[in-house]
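**Q** Please see the structure below; I have some questions.
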Amino acid sequence: MKKKPSITNKASKGIQNKLNSILPDKYHEILTSAIKNMVKVVLTGSQYITKKSYPLTLSLEEREKLVREKIDFYKKTAMLEGAGTGAGGFLLALADFPLLLSIKIKFLYDVAAIYGFDISDYKERLYILKIFQLAFSSQGVVNKIFSEIENWEEYQRTLPSHINLFDWREFQQEYRDYIDLAKLLQIVPGIGALVGAYTNSKLLNKLGVTAMNAYRMRVMK
Numbered sequence: 127m128k129k130k131p132s133i134t135n136k137a138s139k140g141i142q143n144k145l146n147s148i149l150p151d152k153y154h155e156i157l158t159s160a161i162k163n164m165v166k167v168v169l170t171g172s173q174y175i176t177k178k179s180y181p182l183t184l185s186l187e188e189r190e191k192l193v194r195e196k197i198d199f200y201k202k203t204a205m206l207e208g209a210g211t212g213a214g215g216f217l218l219a220l221a222d223f224p225l226l227l228s229i230k231i232k233f234l235y236d237v238a239a240i241y242g243f244d245i246s247d248y249k250e251r252l253y254i255l256k257i258f259q260l261a262f263s264s265q266g267v268v269n270k271i272f273s274e275i276e277n278w279e280e281y282q283r284t285l286p287s288h289i290n291l292f293d294w295r296e297f298q299q300e301y302r303d304y305i306d307l308a309k310l311l312q313i314v315p316g317i318g319a320l321v322g323a324y325t326n327s328k329l330l331n332k333l334g335v336t337a338m339n340a341y342r343m344r345v346m347k
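Numbering (this note's numbering), first residue to last: 127 to 347.
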């Protein structure tokens with residue numbers, strides 16, 4: 127996960143900045159609001175916390191089998207949701223953004239529970255947001271976040287006790303830049319449904335692989 131930002135990474139960032147400058151204000155408003163609300167839900171909400179508990183005696187191999195089953199389930203859910211909104215044009219394609227975020231949050235809460243972590247703990251919720259950043263950020267940010275989770279036990283002692291100090295603006299911009307181009311193709315008539323299903327499936331799979339690696343780093347220490 128950790129490597130030097132490539133020329134391609136830097137060029138892509140420039141393209142995304144240009145893209146952001148020409149997109150309509152309504153697009154920015156919907157996406158910014160969706161991500162801000164998502165961050166608040168992760169940090170303060172309880173509706174996504176799974177009530178299912180897993181035996182402490184489960185081996186890592188058994189836990190990861192369950193995680194892979196969750197990845198397959200949520201990939202199918204994300205594909206169906208993306209195909210439906212992608213077939214509906216501009217407004218429904220925009221609606222896909224917050225819906226996909228909700229699917230991803232629920233998925234990560236389930237994964238954390240499978241690995242045996244308590245999501246009622248505020249710092250464990252921050253860890254979920256760090257996984258988001260690892261999966262959907264530029265390489266420079268990925269390197270920074272990787273260093274933080276690699277030394278999580280030490281790093282979490284430096285975290286503020288108040289959740290409102292989390293920098294959601296940097297988080298939302300990095301996340302948006304990562305998926306903007308692919309999600310814009312979802313608006314194109316004729317191919318929107320296909321693009322929506324494919325993109326959502328790939329994004330969920332990337333998040334799943336990242337989450338497995340991030341939690342594996344902690345349980346194997």
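Glycine included, C-beta positions come from ideal geometry on N, C-alpha and C.
Please read these numbers as outputs of a predicted model, since none were measured by experiment.
(1) Output the distance between the C-alpha atoms of L206 and K249, rounded to the nearest integer angstrom.
(2) Could you check what DSSP says for G242 in three-state terms: helix, strand or coil?
(3) Please check the pair S327 and K201, which I expect to be a contact at CB under 8 Å, by giving their CB distance rounded to whole angstroms.
(4) At which residues does the alpha helix (DSSP H) containing S273 begin and terminate?
(5) Give the C-beta separation of L285 and L252 to the nearest angstrom, bearing in mind that I take them to be a contact with Cβ-Cβ under 8 Å.
(6) Once you ignore the five residues that flank N331 on each side, which residues in its own chain have a CB closer than 7 Å to its CB?
(7) Do you know offhand how far I175's Cα is from E190's?
(8) Here's the rule: buried if 16 or more other CB atoms are within 10 angstroms of the residue's CB, otherwise exposed. What is S263?
(9) So what's M164 in DSSP terms, helix, strand or just coil?
(10) Are V345 and E300 close, meaning C-beta to C-beta below 8 Å?
**A** Reading from the atomic positions:
(1) For the purposes of this step, residue 206 is identified with residue 80 of the sequence shown, where counting begins at 1. For the purposes of this step, residue 249 is identified with residue 123 of the sequence shown, where counting begins at 1. Taking the straight line from one Cα to the other gives about 32 Å.
(2) As a first step, residue 242 is located in the sequence shown; it is residue number 116 there, counting from the start. It is coil, neither helix nor strand.
(3) Your numbering for residue 327 matches position 201 in the sequence shown. Your numbering for residue 201 matches position 75 in the sequence shown. Confirmed, about 5 Å.
(4) Here residue 273 refers to the residue found at position 147 when the sequence shown is read from its first residue. From DSSP, the alpha helix (DSSP H) with S273 extends over Q265 to E276.
(5) On the sequence shown, position 159 is the one that residue 285 refers to. On the sequence shown, position 126 is the one that residue 252 refers to. Indeed, because the Cβ distance is near 6 Å, the residues count as touching under 8 Å.
(6) On the sequence shown, position 205 is the one that residue 331 refers to. Contacts found: I197 and K201.
(7) Position 49 of the sequence shown, counted from the first residue, corresponds to residue 175. Position 64 of the sequence shown, counted from the first residue, corresponds to residue 190. Those two C-alpha atoms are separated by around 19 Å.
(8) By one-based count along the sequence shown, residue 263 stands at place 137. In summary, S263 is buried, with 16 or more beta-carbon neighbours lying within 10 Å of its beta-carbon over all protein chains present.
(9) Walking along the sequence shown from the start, residue 164 turns up at place 38. When secondary structure is reduced to three states using DSSP, M164 falls in the helix class.
(10) As a position in the sequence shown, residue 345 is number 219, starting the count at 1. As a position in the sequence shown, residue 300 is number 174, starting the count at 1. No.
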